[in-house]
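Residues in the sequence shown are numbered from 1 upward in steps of one, following the numbering used here.
Note that beta-carbon positions come from the ideal geometry of N, C-alpha and C, so glycine has one too.
Here the structure is a predicted model, which is why all the values come from computation and not from measurement.
The next block holds one structure in the form of structure tokens; read it before the comments.
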Amino acid sequence: MEPRNNVTEFVLLGLTQNPEIQKILFVVFLPIYILTMGGNLLIVVTVVSSHSLRSPMYFFLAYLSVMDAVYSTAVSPKMIIDLLYEKKTISFRACMSQLFIEHLFGGAEVFLLVIMAYDRYVAICKPLYYLVIMRRRTCILLLVVAWVGVVVLFFVPCIFMYVRPVCTFSIDKTITVFFTIITPMLNPLIYTLRNKEMKNAMRQLWRRKDGPAKH
1 MEPRNNVTEF VLLGLTQNPE IQKILFVVFL PIYILTMGGN LLIVVTVVSS HSLRSPMYFF
61 LAYLSVMDAV YSTAVSPKMI IDLLYEKKTI SFRACMSQLF IEHLFGGAEV FLLVIMAYDR
121 YVAICKPLYY LVIMRRRTCI LLLVVAWVGV VVLFFVPCIF MYVRPVCTFS IDKTITVFFT
181 IITPMLNPLI YTLRNKEMKN AMRQLWRRKD GPAKH
């Protein structure tokens, strides 16, 4: 039998090889990641804790925040930590896990945004039938459709993309950073934190937390 070379780890090139720029990127990306996690977790806690946010819209917004948090965590911590180390490697299993989680949650988020657009369409165009059409069972079914859809429509093209001939484009790195770090931070600001009902629920949650301490 011929000897086989099994791949056990990959060497990560990173965004830049300049140590000074790597330190600057660490200082920039770490607060962005912390803000991303804090904002998304705050939204989830607020929706779960507040009885005034029981509509389908907030149900979907909470799941969007969960997806953003998991999607960002799949890649960002490893990338940020590697900015401080000279040797940047990742095991084969860890790399495959990152790819799976990133494509699963990133693709599901696309489907979820389509579902949220349909939810708003029903609320605006058919307000009298909104609660009848968008029942909790329907919302859960739409989430299942999103998860199944991403497996069918995203993973198959991704398999073909990753088996193509190897070629490196610097713009690919910039686009990856934008989608894995910047976008999950902006989603809470765009879709949720500008919402008046959400902000009122957060204030009530904060008062409820501080209330017992005053007595």
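Burial state of residue i (16 or more Cβ within 10 Å)
| i | result |
| --- | --- |
| I43 | buried |
| F29 | buried |
| P31 | exposed |
| S97 | exposed |
| Q22 | buried |
Three-state class that DSSP yields for residue i in the structure shown
| i | result |
| --- | --- |
| T8 | coil |
| S50 | coil |
| S55 | coil |
| T138 | helix |
| T73 | helix |
| T36 | helix |
For residue j and residue i, the rounded distance between their alpha carbons
| i | j | result |
| --- | --- | --- |
| L143 | F60 | 9 Å |
| Y118 | C95 | 35 Å |
| L205 | T46 | 7 Å |
| T8 | E20 | 30 Å |
| Y121 | L141 | 18 Å |
| M220 | G149 | This structure cannot settle anything about residue 220, because the visible part of the chain is limited to 1 through 215. |
| G106 | T16 | 25 Å |
Among the options, nearest to residue i - alpha-carbon criterion
| i | options | result |
| --- | --- | --- |
| G39 | K199, N200, M185, M198 | M185 |
| M116 | Y129, E86, L64, E102 | L64 |
Pair within 8 Å by beta-carbon distance, residue i and residue j
| i | j | result |
| --- | --- | --- |
| E197 | S49 | no |
| L35 | L83 | no |
| L12 | I90 | yes |
| E109 | A74 | no |
| A146 | L112 | yes |
| R41 | A69 | Residue identity differs from the one stated: residue 41 is Leu in this sequence, not Arg. In contact: L41 and A69 (Cβ atoms closer than 8 Å). |
Closer than 7 Å: residue i CB and nearest the ligand FMN heavy atom
| i | result |
| --- | --- |
| Q22 | The ligand content of the structure shown is nil, which means the ligand FMN is not present either. |
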